[in-house]
Structure formats: C-alpha cells, structure tokens
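Residue 44 is where the sequence shown starts when you use the working numbering, and the numbers rise one by one after that.
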Amino acid sequence: LDALGRARSPFAGYGGGDEKEQTLNQLLSELDGFDPRVGIVLLAATNRPEILDPALLRAGRFDRQVVLDRPDRKGREAIVKV
Numbered sequence: 044l045d046a047l048g049r050a051r052s053p054f055a056g057y058g059g060g061d062e063k064e065q066t067l068n069q070l071l072s073e074l075d076g077f078d079p080r081v082g083i084v085l086l087a088a089t090n091r092p093e094i095l096d097p098a099l100l101r102a103g104r105f106d107r108q109v110v111l112d113r114p115d116r117k118g119r120e121a122i123v124k125v
C-alpha cells in the first residue's frame with residue numbers, strides 16, 4: 044500500500060494533476076463504492092503506516108489496523124523449521 048497510499052504533499056500542484064495523486068484519488072473513490080452489506084474484506088499491508096495518507100485510514104476504508112510484530116527467537120525457529 045506504500046506506493047499507492049503515500050500522503051499527498053500540501054505543496055503539490057493544484058488540481059490533482061500528478062499521476063500518483065490521481066491514482067490515490069481513484070483508489071479512495073473505489074473504496075467508497077463498496078456496499079458494506081456485501082461482506083467484502085480488503086486487506087493491505089505496509090511497514091510504514093506513518094507515510095499513508097490519512098484519507099485511507101478513515102472509517103469505511105482501511106479503518107482497522109492489525110499490527111504484526113517481528114517474531115521472537117522461538118517464533119523465528121518455528122518459521123525456519125517449516
């Protein structure tokens with residue numbers, strides 16, 4: 044999500060002409076078009092949540108965050124054994 048959802052710069056050109064900003068605006072528009080009664084779950088991942096545009100995190104979009112921390116030593120050993 045980092046590539047599409049990077050926070051928009053307040054110094055960017057007026058009118059949203061930048062391709063990245065247009066892509067983000069379209070993504071936001073598509074997210075708003077989901078019918079909440081249908082039961083669609085959309086997942087996204089980032090390791091830099093601080094750079095995401097706040098509009099992505101508002102209610103009805105990516106409004107639930109699940110933090111997956113690095114595994115401890117025992118967890119890493121279990122991963123290697125797989």
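For each residue, glycine too, the CB sits at the ideal point set by N, CA and C.
*Tell me whether Leu86 sits in a helix, a strand or coil according to DSSP, three-state version.*
Here residue 86 corresponds to residue number 43 of the sequence shown, with the count starting at 1. Leu86: coil per DSSP, three-state reduction.
_Assumed close pair Leu74, Asp96 - CB separation to whole angstroms, cut-off 8 angstroms_ = In the sequence shown, counting from the first residue as 1, residue 74 sits at position 31. In the sequence shown, counting from the first residue as 1, residue 96 sits at position 53. Rounded, the Cβ-Cβ distance is 12 angstroms, inconsistent with contact.
*In the DSSP assignment, find the unbroken alpha helix (DSSP H) run with Leu95 in it and report its ends.*
Along the sequence shown, one-based indexing puts residue 95 at 52. Unbroken run through Leu95: none, as it is neither H nor E.
*Please report the residue range of the alpha helix (DSSP H) in which Val123 lies.*
Here the question's residue 123 lines up with position 80 in the sequence shown. That run of the alpha helix (DSSP H) goes 116-124.
_Unbroken stretches of the alpha helix (DSSP H), 4 residues or longer, contained in the segment 58-83_ = 62-75
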